[in-house]
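So for the sequence shown, our numbering puts the first residue at 1; every next one is plus one.
Just so it is clear, CB atoms sit at the ideal spot from N, CA and C, and this is done for glycine as well.
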Amino acid sequence: MSNTHHILVTGNGFDLYHGLKTNYQDFLTAAGQIEEKPEDQRTKWEQKIFTLCIQNGFFRYFQKGMAIENDWNGFEAELEKIVTVFIDFFKKLEEQKKEPQFDISRYSIFCESFSYYELRVFQQFFRLFEQIYDDLSGGLFKIRQDYITDGRELNQKGMIQELCRELDNFTRSLGLYLSHCAEPKNCTARWEKLLELQPDYVINFNYTDTCRLYDIPREQIFYAKGRADSQPLNMILGIPNDSQDNLDFIYFKNYFQNIIRFTGIPDKQQLYPTDSQGLPVPVITHIFGYSMPTGDEMIIRQLETASRQMIIYYTDQEDYARKVISLIRLFGKEAALEKIQTGKFTLTAI
């Protein structure tokens with residue numbers, strides 16, 4: 001083992017640097033093009049994506065341009081907004097049920113009770129809601145009879161299960177897209193620094209295998225979010241762990257998906273390596289194309305504790321500012337600035 005142990009951390013920017021179309025907007029564009037193709041011209045995997053997406057509320061939400069942010073962190077934030085809409089919906093329904101003569105089978109969802117944004121969300125999930133009419137105020141909706149019991153009670157559990165199923169289908173369709181349209185094997189771009197570095201361990205926050213371009217063995221790569229080509233599905237696509245505490249929606253949280261999909265945790269022997277005499281080997285962590293979101297705080301803090309130095313690569317001044325902001329969010333203003341000044345956090349242009 002060398003005198004220094006190098007860990008590489010990669011995010012979506014690493015894929016984009018190599019020319020891969022792995023932004024979620026790229027996926028939505030490709031899925032939209034598949035939707036427009038005649039069925040007899042679709043490949044087998046394109047037909048699978050079409051089947052998974054055609055009536056999927058999450059896909060419709062993003063395809064309709066309801067999302068504000070266009071990166072993967074923004075994607076998680078938008079998922080959280082959708083979950084919040086449904087949590088508030090069930091709360092409002094509980095309040096409505098207290099009123100005399102309340103009949104769930106006749107309950108109407110309209111602008112006096114819900115915001116225009118909430119109504120637009122309901123509109124995308126038409127497996128759950130039936131739209132009676134549409135207008136500039138957002139329209140009028142009813143809960144589909146499939147989710148009303150014979151005793152005229154709301155089947156809330158069934159509605160949440162349908163939301164989970166649609167999120168799984170969205171995730172599967174994304175995995176199919178990445179496996180077939182974002183294969184790194186034809187990429188010619190290379191990061192010269194990485195060719196020299198030859199990292200000992202990689203923590204990959206992408207679903208792709210782009211770091212394999214550098215002949216890094218798969219056993220030296222930890223796929224923090226799972227892999228696009230995994231069977232069975234182990235991709236993690238959810239909301240931050242510190243968001244909504246409602247246990248009915250725990251399936252949407254990243255940490256819960258991590259548990260049930262056996263994604264695992266980074267290898268502690270790689271975070272705290274030792275030499276042949278059992279003495280600790282200094283660790284330098286290199287962060288490339290990764291925005292360090294608060295949802296991944298646990299792993300980032302583990303790396304900070306384990307590392308003698310964290311080198312954070314940025315593309316331009318705007319990216320530099322974003323990286324500094326992320327560090328402040330994670331470690332607090334004073335600690336982050338102190339670590340930058342002492343060189344524990346070193347920001348370096350690519």
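Those residues which DSSP pairs with residue i across a bridge
{"i": "residue 353", "result": "What the structure shows of the chain is the stretch from 1 to 350, and residue 353 is not part of that stretch, so it cannot be assessed."}
{"i": "residue 29", "result": "None, per the DSSP bridge assignment."}
{"i": "residue 348", "result": "313"}
{"i": "residue 279", "result": "According to DSSP, which records beta bridges pairwise, residue 279 is partnered with nothing at all."}
{"i": "residue 237", "result": "BP columns for residue 237 are empty, so no partner."}
{"i": "residue 253", "result": "239"}
{"i": "residue 203", "result": "9 and 222"}
{"i": "residue 84", "result": "Looking at the DSSP assignment, residue 84 forms no beta bridge with any residue, so it has no partner."}
{"i": "residue 43", "result": "Paired residues: none, contrary to the question."}
{"i": "residue 4", "result": "Paired residues: none, contrary to the question."}
{"i": "residue 274", "result": "280"}
CA-to-CA distance, residue j to residue i, given in whole angstroms
{"i": "residue 1", "j": "residue 276", "result": "Low confidence applies here, because residue 1 scores a pLDDT of 46, under 50, leaving its location unreliable and the question unanswered by this model."}
{"i": "residue 259", "j": "residue 101", "result": "44 Å"}
{"i": "residue 346", "j": "residue 331", "result": "15 Å"}
{"i": "residue 295", "j": "residue 208", "result": "20 Å"}
{"i": "residue 255", "j": "residue 241", "result": "6 Å"}
{"i": "residue 293", "j": "residue 326", "result": "7 Å"}
{"i": "residue 35", "j": "residue 174", "result": "14 Å"}
{"i": "residue 183", "j": "residue 104", "result": "49 Å"}
{"i": "residue 121", "j": "residue 341", "result": "46 Å"}
{"i": "residue 308", "j": "residue 281", "result": "10 Å"}
{"i": "residue 303", "j": "residue 151", "result": "54 Å"}
{"i": "residue 28", "j": "residue 62", "result": "8 Å"}
{"i": "residue 4", "j": "residue 343", "result": "17 Å"}
{"i": "residue 6", "j": "residue 234", "result": "27 Å"}
{"i": "residue 424", "j": "residue 58", "result": "Nothing about residue 424 can be reported from this structure: the residues present for the chain run from 1 to 350 only."}
{"i": "residue 96", "j": "residue 163", "result": "22 Å"}
{"i": "residue 338", "j": "residue 305", "result": "15 Å"}
{"i": "residue 75", "j": "residue 279", "result": "43 Å"}
{"i": "residue 357", "j": "residue 299", "result": "Residue coverage of the chain in this structure runs from 1 to 350, which leaves residue 357 outside it and unanswerable."}
{"i": "residue 161", "j": "residue 249", "result": "9 Å"}
{"i": "residue 206", "j": "residue 180", "result": "15 Å"}
{"i": "residue 191", "j": "residue 147", "result": "53 Å"}
{"i": "residue 24", "j": "residue 98", "result": "42 Å"}
{"i": "residue 119", "j": "residue 67", "result": "15 Å"}
{"i": "residue 153", "j": "residue 220", "result": "52 Å"}
{"i": "residue 8", "j": "residue 71", "result": "21 Å"}
{"i": "residue 186", "j": "residue 64", "result": "32 Å"}
Residue i - DSSP class collapsed to helix/strand/coil
{"i": "residue 112", "result": "coil"}
{"i": "residue 37", "result": "coil"}
{"i": "residue 107", "result": "coil"}
{"i": "residue 21", "result": "coil"}
{"i": "residue 285", "result": "strand"}
{"i": "residue 97", "result": "coil"}
{"i": "residue 208", "result": "coil"}
{"i": "residue 10", "result": "strand"}
{"i": "residue 290", "result": "coil"}
{"i": "residue 222", "result": "strand"}
{"i": "residue 342", "result": "helix"}
{"i": "residue 263", "result": "coil"}
{"i": "residue 73", "result": "helix"}
{"i": "residue 268", "result": "helix"}
{"i": "residue 102", "result": "coil"}
{"i": "residue 258", "result": "helix"}
{"i": "residue 302", "result": "helix"}
{"i": "residue 63", "result": "helix"}
{"i": "residue 230", "result": "coil"}
{"i": "residue 216", "result": "coil"}
{"i": "residue 322", "result": "helix"}
{"i": "residue 329", "result": "helix"}
{"i": "residue 334", "result": "helix"}
{"i": "residue 15", "result": "helix"}
{"i": "residue 308", "result": "coil"}
{"i": "residue 49", "result": "helix"}
Chain D within 8 Å of residue i, Cβ atoms only
{"i": "residue 270", "result": "Among the chains in the structure shown there is no chain D, since it carries only a single protein chain."}
| Between the stretch 205–217 and the stretch 47–56, are three or more C-beta pairs nearer than 8 Å? | Segments in contact, no.
| request: Give, in chain order, every unbroken run of the alpha helix (DSSP H) that is at least 4 residues long and sits entirely within the stretch 124–189. | output: Within the stretch 124–189, the complete alpha helix (DSSP H) runs of at least 4 residues are 156–181.
| message | With three or more beta-carbon pairs closer than 8 Å as the criterion, would you say the stretch 18–25 touches the stretch 316–331? | response | In short, these stretches do not touch, since the Cβ pair count stays below three.
| Touch check for the stretch 36–51 and the stretch 80–99: three-plus C-beta pairs under 8 Å? | Touching, no.
| At a cut of 8 Å, does the stretch 125–132 reach the stretch 33–40 through at least three beta carbon pairs? | Too few Cβ pairs lie closer than 8 Å, so no.
| request: Kindly confirm or deny that the stretch 189–199 and the stretch 260–268 touch, where touching means at least three C-beta pairs closer than 8 Å. | output: In the pairwise beta carbon analysis, the stretch 189–199 is classified as not touching the stretch 260–268: fewer than three pairs are separated by under 8 Å.
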